[in-house]
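Here the structure comes first, spelled out in structure tokens, and everything after it is commentary.
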Amino acid sequence: EDQVTQSPEALRLQEGESSSLNCSYTVSGLRGLFWYRQDPGKGPEFLFTLYSAGEEKEKERLKATLTKKESFLHITAPKPEDSATYLCAVQAPGSARQLTFGSGTQLTVLP
Amino acid sequence: SAVISQKPSRDICQRGTSLTIQCQVDSQVTMMFWYRQQPGQSLTLIATANQGSEATYESGFVIDKFPISRPNLTFSTLTVSNMSPEDSSIYLCSVGGTSGSNYEQYFGPGTRLTVT
């Protein structure tokens, strides 16, 4: 059974204080690892897909990396508008393509 | 990426009634999914909506409780039947990538359901 564990559950940062969120996964063959941002009362917003170990992707202050066991979402010099819940999900091989989600990290960036 | 809309955006319903949630996509997509997000929890897959055939349900979810329709490649509905307060959740529609090698998934804005 696919499993995704995110840590920490919650993270409070001062504006400009860089940090990383962790996503550990267990899956029988990884098709893709996904990062989403979710604001309260809204649907998840797609950020990145990573497909193989060593792959990195960047978007503004966010950088996602992938190893064979985990992924990191690095946040550089965060701003208050980066406050949200960040969700990690994995997709196993097969035609179904459904995602298995972690429980998320709730990030709060204080001004 | 596809633009996805859901109706209604929120509703308050009485115990024992049913609610049908609509999901509309601005382009044809092969894969459509329905997820549930209970308060303070992450997303759980309910079912995969298959065009032209019955939906494929995940463990713990049954067709009698969550009937799904997928009449074409741009539209799907999820019905929450005989509701109880435990059904209070956000219900999310998602769609898979539009090309064969694109495995990305995009989510609609969600439907916030409160059952009293």
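So the sequences go chain by chain: X and Y. Just so we're aligned, residue 22 is where the first sequence starts under the working numbering, counting upward by one. Just so we're aligned, residue -2 is where the second sequence starts under the working numbering, counting upward by one. Ideal Cβ positions, reconstructed from N, Cα and C, are used throughout, including at glycine. In this text the structure is predicted, and so the values were computed from the model without any measurement.
Taking the continuous beta strand (DSSP E) assigned at residue i, which residues delimit it?
{"i": "residue 8 (chain Y)", "result": "7 to 10"}
{"i": "residue 100 (chain Y)", "result": "Here residue 100 (chain Y) belongs to no beta strand (DSSP E), and DSSP marks it neither H nor E."}
{"i": "residue 33 (chain X)", "result": "31 to 35"}
{"i": "residue 26 (chain X)", "result": "24 to 28"}
{"i": "residue 52 (chain X)", "result": "Residue 52 (chain X) -> no beta strand (DSSP E), and no H or E assigned at all."}
{"i": "residue 58 (chain Y)", "result": "Taken as a continuous stretch (DSSP letters only), residue 58 (chain Y) belongs to no beta strand (DSSP E), as it is neither H nor E."}
{"i": "residue 93 (chain Y)", "result": "86 to 93"}
{"i": "residue 114 (chain Y)", "result": "Nothing about residue 114 (chain Y) can be reported from this structure: the residues present for chain Y run from -2 to 113 only."}
Just to confirm, is the Cβ distance from residue i to residue j under 8 Å?
{"i": "residue 131 (chain X)", "j": "residue 33 (chain X)", "result": "yes"}
{"i": "residue 92 (chain X)", "j": "residue 129 (chain X)", "result": "no"}
{"i": "residue 77 (chain Y)", "j": "residue 6 (chain Y)", "result": "no"}
{"i": "residue 146 (chain Y)", "j": "residue 73 (chain Y)", "result": "Past the edges of chain Y, shown from -2 to 113, lies residue 146 (chain Y), and the structure says nothing about it."}
{"i": "residue 97 (chain X)", "j": "residue 111 (chain X)", "result": "no"}
{"i": "residue 49 (chain X)", "j": "residue 90 (chain X)", "result": "no"}
{"i": "residue 13 (chain Y)", "j": "residue 80 (chain Y)", "result": "yes"}
{"i": "residue 70 (chain Y)", "j": "residue 18 (chain Y)", "result": "no"}
Could you name the residues of chain Y that residue i contacts, counting a contact when the two beta carbons are closer than 7 Å?
{"i": "residue 63 (chain X)", "result": "106 and 107"}
{"i": "residue 53 (chain X)", "result": "100"}
Determine the chain Y residues that contact residue i at a beta-carbon separation under 8 Å, and present them in chain order.
{"i": "residue 70 (chain X)", "result": "100 and 101"}
{"i": "residue 67 (chain X)", "result": "-2, 101, 102, 103 and 104"}
Kindly list, in the order they appear in chain X, the residues whose Cβ is closer than 9 Å to that of residue i.
{"i": "residue 42 (chain Y)", "result": "119, 120, 121 and 122"}
Since residue i meets chain X, which of its residues come closer than 7 Å, beta carbon to beta carbon?
{"i": "residue 155 (chain Y)", "result": "Residue 155 (chain Y) falls outside the range modelled here, since chain Y spans only -2 to 113, and no answer is possible."}
Next item on the list: With 7 Å as the limit, tell me which residues of the region 112 to 132 of chain X have their beta carbon closer than that to any beta carbon of chain Y; keep them in chain order.
Entry: Across the region 112 to 132 of chain X, CB contacts with chain Y closer than 7 Å involve 112, 117, 118, 119, 120, 122, 123, 124 and 125, in sequence order along the chain.
Check: Is the region 120 to 129 of chain X touching the region 75 to 84 of chain X, taking contact as three or more C-beta pairs under 8 Å?
Finding: Under the 8 Å Cβ criterion, the region 120 to 129 of chain X does not count as touching the region 75 to 84 of chain X, having fewer than three qualifying pairs.
Check: Counting pairs of Cβ atoms below 8 Å between the region 99 to 111 of chain Y and the region 62 to 74 of chain X, do you hit three or more?
Finding: Of all C-beta pairs linking the region 99 to 111 of chain Y to the region 62 to 74 of chain X, three or more are shorter than 8 Å, placing the two stretches in contact.
Notebook entry, point to check: What residues in the region 77 to 106 of chain Y bring their beta carbon closer than 7 Å to a beta carbon of chain X?
Noted result: So the list reads 89, 93, 100, 101, 102, 103, 104, 105 and 106, given in the order they occur along the chain.
Margin query: Under 7 Å, CB to CB, which of the residues in the region 9 to 30 of chain Y have a partner in chain X?
Written below: For the region 9 to 30 of chain Y, which is checked against every Cβ of chain X, the residues closer than 7 Å are 28 and 30.
Checklist line | Residues within the region 47 to 58 of chain Y neighbouring chain X, beta-carbon criterion of under 7 Å | finding: Answer set for the region 47 to 58 of chain Y: empty.
Next item on the list: Output, in sequence order along the chain, the residues in the region 87 to 115 of chain X whose CB is closer than 7 Å to any CB in chain Y.
Entry: Here the close residues are 108 and 112.
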